[in-house]
Every structure is written in C-alpha cells, then in structure tokens.
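Have a look at the structure below before the remarks.
Put into structure tokens, the structure is as follows:
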C-alpha cells in the first residue's frame with residue numbers, strides 16, 4: 001500500500017473542465033470576471049468582505065509588509081523603516097514566510113518555537129520585544145492556530161513599553177478553514193495570508209489570498225496588486241490603455257481567471273476535505289497517545305486546526321530510521337520544512353533558539369489528508385506502533401531555558417584576532433558571549449567561528465558600528481553587560497593608503513559609537529580597547545616603546561587607531577568609563593586573511609611564486625617585526641581583564657624580533673621548498689611603511705604575564721595547519737557579507753589542494 005504525504009485535489013471533470021476550457025478559449029484570461037466570482041465565494045467562506053486574491057501566498061506576505069511601511073496616525077502606527085525595523089518571526093516554516101521580510105528591506109528577529117505546538121513561543125516573543133520590533137509574523141503550523149489572545153497580550157506589553165502595537169501578519173498557508181475563538185482565521189483584526197498552492201486544502205494550481213483588517217488597507221491592496229493602477233478608472237473615456245495617475249507603485253501580484261476558475265471549483269469541496277483531515281487527526285490522537293518515543297503536539301483550547309499536517313515529535317536519533325522504516329512500508333513521512341535560520345542569506349540575524357535547536361531534529365509529519373481512508377489510516381498507525389516497539393528510548397525530555405549569565409560583548413569577533421579571542425573566552429570563562437561584527441570583506445562571514453567550533457555557543461549580530469547601535473539591538477542585548485572588548489577595526493595598511501577617508505572614519509566613528517553605548521551600561525566593569533604597536537611609529541634599532549611614549553603614526557591606519565585610542569583615554573578621564581587599552585604587535589595564526597604576510601608567504605611558496613620583502617632604503621636588510629600568535633593575544637586579553645588596572649595601557653610584546661626574510665625562509669624550510677624573493681626599498685614601494693616596530697612589554701611581564709605559546713613552535717604549527725586547510729588561502733572566498741549573505745566555507749581549487757597535499761607529504765612537519 002502506498003500512502004503519500006501530499007496529494008493534489010482537483011474537482012471532478014464534470015464540475016471543472018467545461019468552465020475551464022470556456023475561459024481558456026474566451027480570449028480573456030487575465031484578472032477578470034472569474035476572479036471577481038472567486039473572491040465573492042471566498043468572502044462568503046471567510047465571512048469577511050476584505051478579500052484580495054493574488055498569484056501566490058508569498059506575494060501576499062510581501063504585499064502585507066509593503067502596505068505596513070506607510071504610517072497611520074489614526075491608529076498610532078509609526079510605519080516601517082527599511083534596514084532598521086524588525087519582524088519577529090519563527091524560522092520553523094517555509095522560506096516563503098521569511099524571505100518577503102528581506103525583500104522589503106526589513107530585519108529579521110528570530111523567535112523560538114513552542115515545543116508543545118510547533119508554533120511561535122509566546123514567552124520568547126515577549127522577551128524579544130524592542131523599540132524596533134514593529135511586526136509579528138505568525139505561522140499556524142500544520143493548520144493549528146497560534147494563541148491569538150496571548151499574541152494580543154504581547155502587543156499590549158509592547159505598547160506599554162514602547163508606545164506602539166506591533167502589526168500582526170498571520171501566515172495561514174497551512175490553515176485554510178482553521179478557526180480561533182469560534183471564528184475563521186482572517187476575522188481577528190490582523191493581516192492574514194492564505195495559500196492556494198498545488199497541495200493545499202484548496203488549490204488554484206497556484207495563488208494566494210490576502211485579508212486585511214480595515215478598508216484603507218483593502219483599497220490599497222487592490223491597487224498595488226496590479227502596479228498601483230486603478231483598473232476601473234482606466235482610459236478615462238479616451239484611450240483604453242491609458243491609466244490615471246499612479247499614486248502608489250505596486251506589483252504584478254494579481255490572480256488570473258484561469259486560476260480563479262480552478263480555485264472556484266475546488267472551493268466547493270473545501271469543507272469536506274478539511275473535515276476528512278480532522279477525522280484522520282482525531283484517530284491518530286487516540287491511537288498514538290502514550291507510544292514509546294512519540295510525543296503528540298498539544299491542540300489549542302480556543303482553536304480548531306485545519307490539520308493540513310499531522311505532526312508529532314519522535315526521539316531525534318530515531319527520526320532517520322523512522323523515515324526509512326515508513327518508506328519501506330509505502331508511507332511517505334517528512335519534517336516538511338527546514339528551519340530557515342540555517343541559510344546563509346540570513347546568517348547575520350543568528351539568534352540562540354534552544355527549544356527549536358532540539359525540536360527541529362524531532363518533528364515528523366505523517367499523511368493526514370483527504371486521500372487517507374480507513375485502510376490507509378490503519379496501515380499508517382500500525383507501522384508507527386511497530387516502530388515504537390523497537391525503540392529503547394525514554395520519553396522526550398522537557399525543555400528549559402538556561403540561566404542568565406553575565407555578558408561580554410566582543411566587537412569584530414568574526415575577524416582574525418577577534419575569533420581567537422571569542423574562542424578563548426568561550427572555552428575559559430563563564431561569560432555569555434555576544435559578538436558584534438559588520439561582516440566586512442576580511443571577516444569571511446561567520447566561518448571562522450564555525451570552524452573553531454564555538455559558533456553555536458554565542459550570540460552574533462551583524463551591525464555596522466559606524467552608525468549608532470540600533471535601539472532594538474541595545475534592547476535585545478539587554479542588561480548585565482560587564483565587559484566590552486573592542487577589536488573591530490579596518491586594519492590593512494595598503495587599504496588605508498589607497499582610500500584613507502572611509503578607512504579613518506570607520507575606525508574613529510565605530511569607537512565613538514561604542515563608547516556612547518558603553519556610557520548607558522550601569523553594570524559595565526571593563527572596556528578594553530584594542531590598539532596596535534604602529535601608533536608609536538617606526539622604532540630605531542634598540543628602541544622599544546613604552547605605554548606612555550608619544551604617538552607618531554606614519555600612515556592613515558595607525559593614525560586612525562591612535563585617534564581612537566586617545567578618544568578612549570578622554571572618555572576615561574571625562575566620563576570615568578572603566579577603560580583599559582592594549583597595544584599588540586603583529587599577529588599570526590590559523591584562519592588569517594591571505595593578504596597578511598605569513599599566509600601570503602605560505603601561499604606564494606606553495607605555488608612557486610616570488611615574494612616581495614620590504615627593506616631599508618639603499619640596503620639589503622629586511623624590515624623586522626615581533627610576531628605573536630593570536631592565541632597568545634587572546635590569553636593576554638583575559639589576563640588584563642582579570643588583573644589590569646582601569647585607566648592604564650598595556651603593551652603585549654612578541655617573544656623575539658625576527659626580520660621578514662627570516663620568516664619567509666623559515667616557512668620555506670618547513671614546506672621543503674626553495675625561497676624565491678626580492679627585496680624592495682620600502683619608501684618607493686609602500687609609502688608610510690615602517691620597517692621596524694618594537695614595544696616594551698615589561699609592564700605586563702611584571703604583572704606576571706607569560707606567553708603560553710612559543711614563537712617557533714606556533715609558527716611551525718600554523719604553517720602545517722594552513723597547508724592542511726588550504727581553503728583559508730583562497731582570497732576570492734572572502735567577500736562582503738554585510739548585505740545578508742553569510743560567507744560559506746570556501747574550498748580552494750583542486751590544483752591548490754593537491755599541491756598542498758603533496759607539499760605536506762614531503763615536508764618534515
């Protein structure tokens with residue numbers, strides 16, 4: 001016996017074919033009289049006059065958000081601001097629910113799921129309220145209504161806190177025919193969108209229905225579904241193709257008469273189909289209750305489900321086997337929807353959703369539709385019981401929220417040094433880590449945090465600190481912020497020379513905006529500003545700069561860092577912000593951007609290319625640096641946080657001074673390759689380049705600081721790790737992820753990977 005999970009219902013031929021063929025051959029197949037007739041039937045079904053048909057439910061959700069962008073003073077609705085305002089929504093749904101948010105230029109704020117219903121978690125919905133959470137987009141999972149009274153309570157809470165009630169958009173794609181409080185969905189004062197897609201209760205092959213809560217939105221919806229054109233006033237008595245003034249632009253979202261004819265025929269059978277689904281669900285409820293390894297979802301007291309899906313929870317490690325087991329018995333089962341927050345295009349909106357993290361691996365849907373008769377239903381139930389008997393697992397555990405911890409905000413935590421600091425703090429402290437990063441070209445999205453294994457243990461937000469931190473994000477980060485580590489900055493000297501203005505503005509503005517945010521944190525204990533050895537300028541032979549020495553920056557990068565460092569000192573003196581500054585030397589380590597010297601050397605030596613090394617003017621002597629592994633820097637940050645004095649500066653010095661030719665030769669030796677290089681006179685090839693930096697690290701050493709990792713061993717290990725992970729040398733895999741695309745782990749070209757493998761095999765590592 002074959003029992004499919006979904007099946008298309010189409011009205012009998014004698015009811016549909018004649019009308020359909022008549023429309024197809026009528027010469028008028030766009031939005032016309034059949035659409036009007038279909039809308040009249042839908043108005044009767046929903047007991048609501050404000051029904052607008054569309055070409056899809058996705059278009060309906062897009063249009064609903066578009067309509068809400070305009071302010072309405074009569075209901076104290078402020079409207080929506082693109083790239084600022086947020087839509088509260090649960091990611092457990094079809095992509096069609098969440099993508100219209102992006103298409104309208106709004107931000108997503110993910111809300112956890114309720115494990116008892118698969119709908120939105122009302123408690124988390126209230127926790128996520130902020131001054132910018134203007135819209136709540138609900139999904140009635142499987143056709144089971146969300147508790148709308150509880151949602152209205154959340155709206156009231158928002159009004160008391162922030163002076164507005166979020167608008168509610170109900171995604172009713174699963175819920176055609178569902179009721180809440182005795183009334184059909186679409187009757188509770190919200191924007192509601194229904195789907196007429198192929199496998200839904202009622203299909204028009206494809207299509208959607210938008211129901212608006214008031215006449216003004218209804219009138220705008222009718223116009224904007226067709227480019228904003230008032231079709232009834234078209235021609236004005238002259239040329240029939242000429243439209244009157246378009247006051248508000250619109251879209252090509254209308255339904256056509258062909259789809260309307262199909263939908264009209266199928267709508268006549270809607271109640272029978274829904275009743276069949278409900279009857280099957282009732283049998284499942286009775287037969288599956290209490291089965292080992294199976295947990296049924298709770299039905300709402302005030303709601304009646306349309307049961308487009310029948311969903312239950314099964315032990316996560318058993319689900320793959322259950323899918324195969326049911327397939328072998330001819331029954332198709334599925335989780336139906338992938339959670340949307342895992343997709344890279346919404347990576348910037350990552351949120352900690354502990355309940356969904358468990359629930360997403362447990363939910364499974366079995367056939368419940370009109371095509372499931374008594375024999376099919378008995379077969380499905382028998383198979384589920386047979387599988388349940390084979391399980392040795394105990395009942396599914398309840399879910400609890402973790403206790404609140406003290407918080408540490410780390411800016412630039414997706415960058416090279418930043419992600420090493422994040423990893424170190426996750427593994428060695430009990431702080432709740434919150435990462436703020438604009439995901440610029442050098443960040444490689446969240447990939448460094450994923451690769452280091454800590455991404456699931458932090459909260460990360462994509463935000464550009466060149467603008468003030470949005471009020472909604474401030475609210476979401478919340479209280480109990482004790483530590484801020486400010487590592488975010490543009491750092492590539494060449495970029496600062498080629499385009500200095502935005503470079504300098506970024507580093508100064510981002511620091512100012514962060515300091516202003518910090519001034520509003522009553523529980524803040526320490527803010528560490530991360531500076532560089534380059535602020536002191538070039539060092540003469542034998543000269544090591546102390547913390548209090550004057551700054552003499554030589555290029556726009558070091559000048560921007562010096563300016564921001566001085567601003568931090570001024571905020572300590574003026575506002576008594578608990579600030580410490582740290583100046584560090586040249587960092588290296590795993591996952592460094594390939595534009596930096598050490599990975600650049602590795603890449604060029606692997607590929608047999610010549611390396612350019614800057615030298616002193618008129619000399620064959622190469623410039624030098626004190627290199628320090630990024631994990632040593634991360635450990636130093638924690639050391640200073642735990643024992644440093646507020647208002648002080650600390651130099652973090654590398655183990656030994658090494659010239660860049662020695663570095664390149666060391667790498668070549670590790671790789672078992674000849675070094676091909678040329679020396680260039682730095683003033684001619686790189687203006688503003690300092691050939692030597694040096695810091696005096698005695699202050700930190702006197703406090704008890706020691707480098708955890710030695711230079712030579714750590715460099716050798718980095719070379720080996722980089723050869724084994726060649727994707728981190730692929731420069732074209734670094735891209736600007738701030739527009740919404742979370743950079744994916746890039747794979748180096750096959751030739752590069754093969755070359756790296758061959759070198760690794762030959763090298764004495």
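In UniProt numbering, the protein residues as written are 1 to 765. The C-beta atom is built at its ideal place from N, Cα and C for all residues, glycine as well. Quick caveat, the model's predicted, so the values are computed rather than measured.
How big is the Cα-Cα spacing for residue i and residue j?
{"i": "residue 638", "j": "residue 499", "result": "34 angstroms"}
{"i": "residue 97", "j": "residue 154", "result": "21 angstroms"}
{"i": "residue 563", "j": "residue 725", "result": "37 angstroms"}
{"i": "residue 230", "j": "residue 51", "result": "17 angstroms"}
{"i": "residue 172", "j": "residue 330", "result": "30 angstroms"}
{"i": "residue 303", "j": "residue 180", "result": "4 angstroms"}
{"i": "residue 567", "j": "residue 95", "result": "45 angstroms"}
{"i": "residue 627", "j": "residue 712", "result": "10 angstroms"}
{"i": "residue 467", "j": "residue 509", "result": "8 angstroms"}
{"i": "residue 276", "j": "residue 367", "result": "12 angstroms"}
{"i": "residue 472", "j": "residue 132", "result": "5 angstroms"}
{"i": "residue 746", "j": "residue 550", "result": "Legend: pLDDT at residue 746 = 28, less than 50; position of this residue unreliable, value from coordinates given subsequently. Near 43 angstroms, if we compare the C-alpha coordinates of residue 550 and residue 746."}
{"i": "residue 324", "j": "residue 115", "result": "24 angstroms"}
{"i": "residue 399", "j": "residue 418", "result": "The predicted position of residue 399 is uncertain, since its pLDDT is 49 and thus under 50; no value can be drawn from it."}
{"i": "residue 621", "j": "residue 415", "result": "32 angstroms"}
{"i": "residue 117", "j": "residue 137", "result": "16 angstroms"}
{"i": "residue 765", "j": "residue 673", "result": "Low confidence applies to residue 765: its pLDDT is 45, below 50, so where it sits in the model is not reliable enough to give any reading."}
Mapping the DSSP letters down to three states, classify residue i as helix, strand or coil.
{"i": "residue 252", "result": "strand"}
{"i": "residue 646", "result": "coil"}
{"i": "residue 242", "result": "coil"}
{"i": "residue 431", "result": "coil"}
{"i": "residue 184", "result": "strand"}
{"i": "residue 554", "result": "coil"}
{"i": "residue 352", "result": "coil"}
{"i": "residue 665", "result": "helix"}
{"i": "residue 583", "result": "strand"}
{"i": "residue 167", "result": "strand"}
{"i": "residue 590", "result": "coil"}
{"i": "residue 316", "result": "helix"}
{"i": "residue 437", "result": "strand"}
{"i": "residue 539", "result": "coil"}
{"i": "residue 392", "result": "coil"}
{"i": "residue 659", "result": "strand"}
{"i": "residue 601", "result": "helix"}
{"i": "residue 567", "result": "helix"}
{"i": "residue 339", "result": "strand"}
{"i": "residue 719", "result": "helix"}
{"i": "residue 62", "result": "helix"}
Hey, could you find the ends of the beta strand (DSSP E) residue i is sitting in?
{"i": "residue 460", "result": "459–462"}
{"i": "residue 137", "result": "133–139"}
{"i": "residue 625", "result": "624–626"}
{"i": "residue 110", "result": "107–110"}
{"i": "residue 678", "result": "677–681"}
{"i": "residue 532", "result": "526–532"}
Could you round the C-beta distance between residue i and residue j to whole angstroms and report it? I think they count as a contact, below 8 angstroms.
{"i": "residue 281", "j": "residue 254", "result": "Residue 281 to residue 254, Cβ: 35 angstroms. No contact."}
{"i": "residue 465", "j": "residue 514", "result": "6 angstroms"}
{"i": "residue 507", "j": "residue 561", "result": "6 angstroms"}
{"i": "residue 88", "j": "residue 61", "result": "Actually they do not touch by this definition, with Cβ atoms about 14 angstroms apart."}
{"i": "residue 526", "j": "residue 486", "result": "Rounded, the Cβ-Cβ distance is 11 angstroms, inconsistent with contact."}
Mind checking which residues open and close the alpha helix (DSSP H) that includes residue i?
{"i": "residue 612", "result": "First-last for residue 612: 611–615, but that is the beta strand (DSSP E), not the alpha helix (DSSP H)."}
{"i": "residue 210", "result": "Note, residue 210: premise wrong, no alpha helix (DSSP H); beta strand (DSSP E) at 208–211."}
{"i": "residue 69", "result": "No alpha helix (DSSP H) holds residue 69; DSSP gives it neither H nor E."}
{"i": "residue 157", "result": "148–162"}
{"i": "residue 271", "result": "270–288"}
{"i": "residue 503", "result": "500–518"}
Can you tell me whether residue i is buried or exposed? The criterion is at least 16 other CB atoms within 10 Å of its CB, across all chains shown.
{"i": "residue 544", "result": "buried"}
{"i": "residue 481", "result": "buried"}
{"i": "residue 556", "result": "buried"}
{"i": "residue 21", "result": "exposed"}
{"i": "residue 18", "result": "exposed"}
{"i": "residue 354", "result": "exposed"}
{"i": "residue 26", "result": "exposed"}
{"i": "residue 739", "result": "Only weak support is given to the placement of residue 739: the predicted model assigns it a pLDDT of 39, under 50, and the question is left unresolved by the model."}
{"i": "residue 446", "result": "buried"}
{"i": "residue 439", "result": "buried"}
{"i": "residue 615", "result": "buried"}
{"i": "residue 225", "result": "buried"}
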